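Right, one structure below, let's go through it.
Numbering (the numbering used here), first residue to last: 6 to 197.
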């Protein structure tokens with residue numbers, strides 16, 4: 006029977022805790038920065054944290070980019086548009102590494118149109134109604150990739166799937182690096 010060196014185990018745990026902490030700090034900073042950016046149609050943000058063979062993603066976009074409207078669905082067509090977007094955004098990987106086949110392990114979508122409409126009703130009504138309805142969609146995904154070598158070139162299907170996204174600001178952090186890229190339609194690839 007072999008005995009494990011407790012210091013080696015402790016180093017592994019500390020290394021993992023450091024990586025998780027680094028990812029959380031980067032996502033918190035990126036999320037705070039993106040929340041401070043003005044609501045701008047045509048622009049969206051994608052934050053990425055890579056650890057081993059897992060990728061955590063957060064997409065933040067004006068609802069208009071993904072749905073064509075920023076209020077609660079009012080027609081059957083709008084309800085179907087919202088459901089189609091929710092289905093796609095929670096089942097399709099938001100990025101694909103060149104070297105790894107990734108699957109969506111978990112995903113959620115938050116559409117804050119009710120809050121936007123409530124804020125709108127608290128404003129003076131001396132301006133165009135559609136100008137005040139600013140709702141965002143936030144999508145969170147966890148991807149599990151068969152290959153631990155996730156670095157290199159990544160592709161996102163977001164710009165092709167949602168043509169209203171004309172610019173996508175991408176920020177990432179890995180165990181060894183961090184960076185950012187700005188993708189403009191039709192560009193859908195970036196390098197970690």
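C-beta atoms are modelled at their ideal positions from N, C-alpha and C, and glycine is treated no differently. Since this is a predicted model, take the numbers as computed values, not measurements.
{"Check": "Please name the residue in 62, 179 and 100 whose C-alpha comes closest to that of residue 165.", "Outcome": "100"}
{"Check": "DSSP on residue 53, reduced to helix/strand/coil?", "Outcome": "strand"}
{"Check": "Quick check: residue 155 and residue 182, are their CB atoms within less than 9 angstroms of each other?", "Outcome": "no"}
{"Check": "Excluding five sequence neighbours on each side, which residues of the same chain lie with their C-beta closer than 6 angstroms to the C-beta of residue 144?", "Outcome": "64, 94 and 114"}
{"Check": "Cα separation between residue 67 and residue 159?", "Outcome": "23 angstroms"}
{"Check": "Relative to the alpha-carbon of residue 73, which residue among 59, 90, 57 and 60 has its alpha-carbon at the smallest distance?", "Outcome": "90"}
{"Check": "Could you tell me which uninterrupted alpha helix (DSSP H) segments, each at least 4 residues in length, are contained entirely in the segment 62-92, listed from first to last along the chain?", "Outcome": "68-72"}
{"Check": "Nearest to residue 108 by alpha carbon, out of 141, 177, 173 and 152?", "Outcome": "152"}
{"Check": "Quick one: using the 10 Å Cβ neighbour count with 16 as the cut-off for buried, is residue 161 buried or exposed?", "Outcome": "buried"}
{"Check": "Can you tell me which residues form a DSSP beta bridge with residue 187?", "Outcome": "174"}
{"Check": "Could you tell me the alpha carbon to alpha carbon distance between residue 147 and residue 169, rounded to whole angstroms?", "Outcome": "24 angstroms"}
{"Check": "Restricting to Cα atoms, I'd like to know which of 157, 150, 149 and 167 is closest to residue 142.", "Outcome": "167"}
{"Check": "What do you get for residue 92, buried or exposed, if any count of 16 or more other CB atoms within 10 angstroms of its CB means buried?", "Outcome": "exposed"}
{"Check": "Cutting at 7 angstroms between CB atoms, please list the residues of its own chain near residue 117, excluding the five before and the five after it.", "Outcome": "140 and 141"}
{"Check": "Is the beta carbon of residue 173 closer than 9 angstroms to that of residue 50?", "Outcome": "yes"}
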